[in-house]
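Here the structure is laid out as structure tokens; the discussion comes afterwards.
Numbering (my numbering), first residue to last: 272 to 598.
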């Protein structure tokens, strides 16, 4: 059967909407109640769809109805179509009022601690009515990718695993972000020069868990220097805990360069003069391939490019001497 006969003339968005309601509610009766239509209308719509496509879309029994493999295939594409329509309405609203919009972001906690706020602050100066929803995590998580594919977030920003080759994802590397060792501003180690990682192995550290993406990068850093993880370690995924332990104690931590460049002064932390064997890994943005990028998402991505370009062009911050003290 030709496309125009099977789809263009015979399957309507309303039909897909009814099928989706049955799948979500688990029965035709509940779907009818939810949609405020009669159950015979729901039954006839499903029967007509099955007749048009030549496959059974729902398995029915006394307990209710659930999609068959064919029904799930149609629903997956149908949900994408509904999402594109919703985005189209939002695009029209944005074009009518370019100062308003909404963006849902999946971000690793290190990005949410510095880079994402820097982007938001810059954008909201020009577009103060944009609404941002940020979902965090110690690193880019499986949940972030699931949410992106389910279209409950618009993009992901964070340190990228190597390699990221999923065919349904668009990956843009913003820059190779350095890793830097930092201490509280009052830690005596900030006054020392030309330190080696081995010189610091017996100091107290706060580190990410080795089973996380960031933790694996940090573990590689120690292995490249012929070292195991420091024994005096606190393992956690909280940037806030890192900051507190550094500010109030003699702990050391490994920070992404963006946090140091954007927030070191506010956090009262200093970069140690340590030559690291592993200095950078890619930081980027992930979007869903085939999904229209909203105008607000384009603004966010363009701003992220501009800020990370300035971070990439600037040399990693180094401590400087001034009147015998380290600034």
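Even for Gly, the Cβ is constructed at its ideal location relative to N, Cα and C.
Report the rounded CA-to-CA distance for residue i versus residue j, giving the unit in angstroms.
i: residue 572; j: residue 497; result: 39 angstroms
i: residue 482; j: residue 495; result: 18 angstroms
i: residue 394; j: residue 283; result: 39 angstroms
i: residue 459; j: residue 388; result: 31 angstroms
i: residue 230; j: residue 363; result: Since the first residue of the chain shown is 272 and the last is 598, residue 230 is not available in this structure.
i: residue 287; j: residue 525; result: 50 angstroms
i: residue 512; j: residue 290; result: 48 angstroms
i: residue 318; j: residue 356; result: 25 angstroms
i: residue 504; j: residue 478; result: 7 angstroms
i: residue 310; j: residue 295; result: 15 angstroms
i: residue 398; j: residue 405; result: 17 angstroms
i: residue 476; j: residue 333; result: 60 angstroms
i: residue 308; j: residue 285; result: 12 angstroms
i: residue 507; j: residue 515; result: 12 angstroms
i: residue 532; j: residue 415; result: 26 angstroms
i: residue 300; j: residue 329; result: 14 angstroms
i: residue 401; j: residue 344; result: 35 angstroms
i: residue 373; j: residue 560; result: 20 angstroms
i: residue 454; j: residue 485; result: 18 angstroms
i: residue 341; j: residue 584; result: 52 angstroms
i: residue 396; j: residue 375; result: 19 angstroms
i: residue 424; j: residue 463; result: 45 angstroms
i: residue 591; j: residue 350; result: With a pLDDT of 37 at residue 591, under the threshold of 50, the modelled position of that residue is not reliable, and the figure given next carries that caveat. Those two C-alpha atoms are separated by around 56 angstroms.
i: residue 443; j: residue 361; result: 24 angstroms
i: residue 567; j: residue 470; result: 47 angstroms
i: residue 303; j: residue 331; result: 15 angstroms
i: residue 534; j: residue 305; result: 50 angstroms
i: residue 326; j: residue 312; result: 19 angstroms
Need the endpoints of the alpha helix (DSSP H) that residue i sits in, please.
i: residue 500; result: Neither: residue 500 is in no alpha helix (DSSP H) and is coded neither H nor E.
i: residue 400; result: Counting along the chain, residue 400 falls outside any alpha helix (DSSP H), though it belongs to the beta strand (DSSP E) covering 400–406.
i: residue 528; result: 528–538
i: residue 515; result: 510–519
i: residue 428; result: Where residue 428 is concerned, there is no enclosing alpha helix (DSSP H), although the beta strand (DSSP E) it sits in stretches over 426–430.
i: residue 421; result: Residue 421 -> no alpha helix (DSSP H), and no H or E assigned at all.
i: residue 579; result: 566–584
i: residue 286; result: 284–296
i: residue 306; result: 299–306
Return yes when the C-beta of residue i is under 7 angstroms from any heavy atom of the ligand MN, and no when it is not.
i: residue 581; result: As far as ligands go, the structure on display features none, and thus does not contain the ligand MN.
When the Cα of residue i is compared with those of the options, which residue comes out closest?
i: residue 603; options: 293, 355, 333 and 332; result: Examination of residue 603 is not possible in this model, given that the chain is present from 272 through 598 alone.
i: residue 456; options: 536, 478, 488 and 561; result: 536
i: residue 540; options: 521, 487 and 555; result: 521
i: residue 335; options: 297, 509, 565 and 442; result: 297
i: residue 445; options: 509, 514 and 574; result: 574
i: residue 439; options: 558, 312 and 313; result: 558
i: residue 435; options: 409, 554 and 306; result: 554
i: residue 499; options: 321, 473, 485 and 484; result: 473
i: residue 565; options: 312, 462, 354 and 465; result: 354
i: residue 403; options: 371, 384, 432 and 430; result: 371
i: residue 380; options: 567, 570 and 530; result: 530
i: residue 348; options: 570, 562 and 569; result: 562
i: residue 427; options: 326, 378 and 321; result: 378
i: residue 461; options: 313, 324 and 542; result: 542
i: residue 432; options: 338, 419 and 412; result: 412
i: residue 538; options: 551, 517, 556 and 552; result: 517
With residue i as the anchor, note down where its beta strand (DSSP E) starts and where it stops.
i: residue 558; result: 551–559
i: residue 505; result: 504–506
Would you say residue i reaches chain B, if we count a Cβ-Cβ gap shorter than 8 angstroms as a contact?
i: residue 333; result: Absent from the structure: chain B. Only one protein chain is present.
- request: Count the C-beta pairs between the stretch 439–457 and the stretch 537–553 that are closer than 8 angstroms, then say yes if the count reaches three, no if not.
  value: yes
field: Completely contained alpha helix (DSSP H) runs for the stretch 438–498, where each covers 4 or more residues
entry: 484–495
field: Validate contact between the stretch 564–580 and the stretch 512–528 using beta carbons, cut 8 angstroms, 3 pairs
entry: no
Start-end ranges of the alpha helix (DSSP H) lying completely within the stretch 323–410, minimum 4 residues: 340–367, 380–384 and 386–397
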